[in-house]
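K.L.:
Residue numbers (the numbering used here), protein chains in the order written: chain A, 1 to 313; chain B, 314 to 626. Idealized CB from N, CA, C, for every residue including glycine.
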């Protein structure tokens, strides 16, 4: 890797992280979190999820948070949407980027959004059409969940994932995220699949979304880097472990991911000290929630030399 | 990797793991641990350390444990020695393999064994001579500690490590272990250094010894695999975190390392269920000690298919 290489860490703590948290943060807290991430150099943030409030009360304020996020200078705000209705709410809020997600595992998709994977793929085409009709400039990313295996269905065929990626690209996906939703992926599998996805996607940007459930989250980042991936979802403090199911460890930890990428000579533009301070604030806001992270526990090596931060554009 | 690839996981919990533990295990407990590791398929074990008992009381029974280990069928017992005197005690106990270790960081070596790295390298030559004079068949391995950085000295020059490896090989080392004693290594560094060590060592077997202090232990295993390393030290339950310094996370976890290697298609011959049972026994023997491990917490993926165990030879 050259010293000019960069990598992107996208904060998904406000969405994936808060999904199962007991304390409901206020919109003001969520927006303060966003602003401090941007100040730390982490400008790509999934600020909320447009799911029905009765399903996840934590996101009842999705519209308010999205509109507030748009007022934070330097923040590239996105939201997750599970269906056309959610996408329309995200468009109305004025968000410049929307992430749609479906599961490669049909069983998981049925459980998650009560429709088949094929139906969800058709829904994405309708979302693209709705965006086009609206005349709005919204970037539409598409994610394939349970791409490395499923707790319900077990093995997920590589061919199924690749066919879905093709379908989503044909429908107009402007970015592809491949997600290890349940923490089943291992490095060899990640390297092999991401090389094939890379070949399919051509110039369309790729991202990976890993969970650290079985300790392989950062090893999987290394494998994805080998396959040319340079964008990773992560959650501050590893937030997203379910307090009612201690086995469901959450997303890879933002601080540790930044530490790994910077150690590897990849410029993230993110300041680890600022992340650590925000992590402490967040821990105070969310008493009793499990936080993870090796850097928070052990500190940085004396030998660690992050790339100098670029000026925020 | 082909399906015939194998990898070795060496248990160092009885040595590195017990070093800072408050409860002193009895020789009978240590030998029961060894026997159950062998029954689980983990036959390479560092059973003790021949350090002065006043320095580490846990190893006052080194001779007794070494002799007991020799009576366990299928166990390839080794011991760590910090100097000639320790090596002579290990030879007298009849061990077929002895690991000598010195630090690439002179400051660390001085603190650890009160002599310079150069003096320790000369000591290794004396150990080889003593082995030769004894007429015993003892395999002598040599390890380079703090090879990826040092908490006292900071950066450790790659050239220093490579020169030490050459010195140790010339002196007669029959195996080389490269150790990230303080948990500073990152994957790019591991891949680069291990490729160079590999080129120097030729047919001499190589091993890596990683600590998971900053969450990169298993990512470093992946990097070492890329460089052709197929032997890794690990500690059952990640034992080796210091109870008085919660930041000093210990060795990579044996169960998680086996899980990673088997997931990558590398045959270890080790049964994870049996490891998990022994881990529980060990936790009961060592109340209050910190144990780590993602597999112990989250269980194996439904999709995990270990290689069938080979019959024990």
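When you compare the region 275-289 of chain A with the region 189-207 of chain A, are there three or more beta-carbon pairs, one atom per stretch, that lie closer than 8 Å?
P.N.:
Flag = no, the region 275-289 of chain A and the region 189-207 of chain A do not touch.
K.L.:
For residue 11 of chain A and residue 66 of chain A, I'd like the C-alpha separation in whole angstroms.
P.N.:
15 Å
K.L.:
Just the Cα atoms here: how many angstroms apart are residue 379 of chain A and residue 194 of chain A?
P.N.:
Lying outside 1 to 313, the shown extent of chain A, residue 379 of chain A is not represented and no answer is given.
K.L.:
Can you grab the Cα-Cα spacing for the pair residue 42 of chain A / residue 191 of chain A, in whole Å?
P.N.:
26 Å
K.L.:
What's the gap between the Cα of residue 326 of chain B and the Cα of residue 580 of chain B?
P.N.:
Each residue's alpha carbon lies about 21 Å from the other.
K.L.:
Which whole-angstrom value describes the C-beta separation of residue 628 of chain B and residue 569 of chain B, a residue pair presumed to lie in contact below a C-beta threshold of 8 Å?
P.N.:
No information on residue 628 of chain B is available, as it lies outside the stretch 314 to 626 that chain B covers here.
K.L.:
If we count the other Cβ atoms within 10 Å of its Cβ and call it buried at 16 or more, is residue 447 of chain B buried or exposed?
P.N.:
exposed
K.L.:
How about residue 108 of chain A and residue 78 of chain A: do their beta carbons lie closer than 8 Å?
P.N.:
no
K.L.:
How would you list, in chain order, the residues of chain A whose beta-carbon sits under 8 Å from the beta-carbon of residue 389 of chain B?
P.N.:
Correct list: empty, because the minimum Cβ distance to chain A is about 27 Å.
K.L.:
Under 6 Å Cβ to Cβ from residue 521 of chain B, same chain only, skipping five residues before and after it: list those, please.
P.N.:
491, 537, 542 and 545
K.L.:
Hey, how far is the Cα of residue 608 of chain B from the Cα of residue 143 of chain A?
P.N.:
27 Å
K.L.:
Just list the residues that DSSP pairs residue 414 of chain B with in beta bridges.
P.N.:
B/456
K.L.:
Buried or exposed: residue 132 of chain A, going by 16 or more other Cβ atoms within 10 Å of its Cβ?
P.N.:
exposed
K.L.:
Pairs of beta-carbons, one from the region 68-88 of chain A and one from the region 118-131 of chain A, closer than 8 Å: are there three or more?
P.N.:
Yes: the two stretches touch, three or more of their Cβ pairs being nearer than 8 Å.
K.L.:
Is the CB-CB distance between residue 374 of chain B and residue 340 of chain B below 8 Å?
P.N.:
yes
K.L.:
If residue 450 of chain B sits next to residue 493 of chain B, beta carbons under 8 Å apart, how far is it from one beta carbon to the other, in whole angstroms?
P.N.:
With a Cβ gap of about 31 Å, residue 450 of chain B and residue 493 of chain B do not count as contacting.
K.L.:
From residue 556 of chain B to residue 360 of chain B, what distance separates their C-alpha atoms?
P.N.:
Residue confidence is low: residue 556 of chain B scores 45 on pLDDT, short of 50, so the model does not pin down where it sits. Its coordinate-derived value is still stated next. Roughly 22 Å separates the two Cα atoms.
K.L.:
Mapping the DSSP letters down to three states, classify residue 523 of chain B as helix, strand or coil.
P.N.:
Residue 523 of chain B: strand per DSSP, three-state reduction.
K.L.:
Residue 406 of chain B: which of B/415, B/427, B/612 and B/384 sits nearest, CA to CA?
P.N.:
B/384
K.L.:
Pull the bridge partners of residue 235 of chain A from the DSSP assignment, please.
P.N.:
A/253
K.L.:
For residue 270 of chain A, is the classification buried or exposed, using 16 other Cβ atoms within 10 angstroms of its Cβ as the cut-off for buried?
P.N.:
Per the 10 Å Cβ criterion, buried.
K.L.:
Within the continuous alpha helix (DSSP H) that includes residue 450 of chain B, where are the two ends?
P.N.:
Here residue 450 of chain B belongs to no alpha helix (DSSP H), and DSSP marks it neither H nor E.
K.L.:
I'd like the span of the alpha helix (DSSP H) that includes residue 426 of chain B, first residue to last.
P.N.:
It spans 419-426 - the alpha helix (DSSP H) in which residue 426 of chain B sits, taken as one unbroken run.
K.L.:
Assuming residue 154 of chain A and residue 615 of chain B make a contact with CB atoms under 8 Å, what is their CB distance in whole Å?
P.N.:
Indeed, because the Cβ distance is near 5 Å, the residues count as touching under 8 Å.
K.L.:
Applying the criterion that 16 or more other CB atoms from any shown protein chain within 10 Å of the CB defines a buried residue, is residue 424 of chain B buried or exposed?
P.N.:
exposed
K.L.:
Between the Cα of residue 32 of chain A and those of A/299, A/281 and A/9, spot the shortest distance and give me the residue it belongs to.
P.N.:
A/281
K.L.:
Look at the alpha carbon of residue 646 of chain B and the alpha carbon of residue 387 of chain B, and state the distance between them as a whole number of angstroms.
P.N.:
With chain B covering only 314 through 626, there is no way to say anything about residue 646 of chain B.
K.L.:
Since residue 120 of chain A and residue 113 of chain A should fall inside the 8 Å C-beta cutoff, what is the C-beta to C-beta distance between them, to a whole number of angstroms?
P.N.:
6 Å
K.L.:
Using alpha carbons as the reference points, say which of A/54, A/76 and A/90 lies closest to residue 64 of chain A.
P.N.:
A/90
K.L.:
Determine the contact status of residue 183 of chain A and residue 578 of chain B, defining contact as a CB-CB distance below 8 Å.
P.N.:
no
K.L.:
Is residue 80 of chain A helix, strand or coil when you go by DSSP?
P.N.:
Reduced to three states, the DSSP call for residue 80 of chain A is strand.
K.L.:
Which residues bound the alpha helix (DSSP H) around residue 270 of chain A?
P.N.:
Taken as a continuous stretch (DSSP letters only), residue 270 of chain A belongs to no alpha helix (DSSP H), as it is neither H nor E.
K.L.:
Going along the chain, which residues of its own chain have a beta-carbon closer than 6 Å to the beta-carbon of residue 253 of chain A, five neighbours each way excluded?
P.N.:
238, 292 and 293
K.L.:
Taking the beta carbon of residue 320 of chain B as the centre, do at least 16 other beta carbons fall within 10 Å, making it buried, or is it exposed?
P.N.:
buried
K.L.:
Contact criterion: CB-CB distance below 8 Å. Does residue 536 of chain B meet it with respect to chain A?
P.N.:
yes
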